Amino acid sequence: MSIWIRFPIMALATGLLASASHGQDQVDWQARIDAAVRAAEQADAAAWRQRGEKAIQSAEQAPAPGIANWDNLPVSASSAPDILPSVERFQGYLTQQAQGQPAPGGLSVFVSLSMPRGNLELLVAEAERTGATLVLRGMVDRSISKTMLAVQTLIGPRQVAWAIDPDAFARFRVETVPVFILTRQGARFEGCGDEACFTRDDYVRLAGDVSIAYALDAIERLAPQFRDDVAKARAGQ
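Residue numbering for the sequence shown follows this note's numbering, beginning at 34 and increasing consecutively.
The structure is reproduced here in structure tokens:
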């Protein structure tokens, strides 16, 4: 670029020096040459600056192929699954707990959204078949909207009951997940310090990174008195 601009300037300078050598005028030709060179350099810089600004504007308006435009991502046509009915399925349990009424019984699986994704997806699929309730300790970043979104993404269209119940984690002394709690139908809450607890004969607890099917098999084997409750859980009752 600068070469193409400066070639005419060099030709002009050569002509001016030739005129000076003939003594036609007593002019400071060197000063004129220097001024012409400076003007050309300034024009050269301005041209480069103008081209750079145009290039930036073009890039902002039309991103290059292969570059993601995060402001214009396509929107999925499918609607998000409605998980509120699944949440409402657990409300009866909470109401009965508050009123001291017999619990509906069934299997609760204490989990965390930080568990490996594959493990969670397996538990979700099994929870739909068995009617088990997934229980979380708290919210994602203390945000109910983030928690709802995370649960929606995990559960999808499946009909799975879930709840946020930190008291249940304390009640059953759940410190690591997953933990499986099978409660007998008709179990009654009793005073347990500041918490409402079940009697030892009304529930069985199993901890371990296993599937729901494995947990029910283990409960049936280790606590045969819960065999009928295991059968109901397997049947989704």
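Positions of the beta carbon are idealized from the N, C-alpha and C atoms, including for glycine.
Fair warning: this is a prediction, and the values are worked out from it, not measured in the lab.
Coil, strand or helix - residue i by DSSP
i	result
L169	strand
R217	coil
R233	helix
V212	strand
N152	helix
A196	strand
S178	helix
S54	Bear in mind that the predicted position of S54 carries a pLDDT of just 44, short of 50, making it unreliable; the figure below should be weighed with that in mind. S54: helix per DSSP, three-state reduction.
A203	helix
A113	Here A113 scores only 46 on pLDDT, less than 50, and its place in the model is too uncertain to base an answer on.
The beta strand (DSSP E) enclosing residue i, as first and last residue numbers
i	result
V263	Careful: V263 lies outside any beta strand (DSSP E), inside the alpha helix (DSSP H) at R260 to R267.
Beta bridge counterpart(s) of residue i as assigned by DSSP
i	result
V142	L167 and F213
S147	Per DSSP, none; premise fails for S147.
L187	DSSP output for L187 lists no bridge partner at all.
A240	V212
Contact test: residue i Cβ vs the ligand FAD heavy atom, cutoff 7 Å
i	result
S147	You won't find the ligand FAD in this model; it holds no ligand whatsoever.
Terminal residues of the alpha helix (DSSP H) in which residue i lies
i	result
R254	I245 to L255
Expected contact under 8 Å - CB spacing of residue i and residue j to nearest Å
i	j	result
V173	L156	About 18 Å separates the two Cβ atoms, so there is no contact after all.
T166	A266	Between A266 and T166 the Cβ distance is about 11 Å, and since that is not below 8 Å, they are no contact.
E159	A246	6 Å
L215	D262	6 Å
Quiz prompt | Cβ contact check for the stretch 186-195 and the stretch 205-222: 3 or more pairs under 8 Å | solution = no
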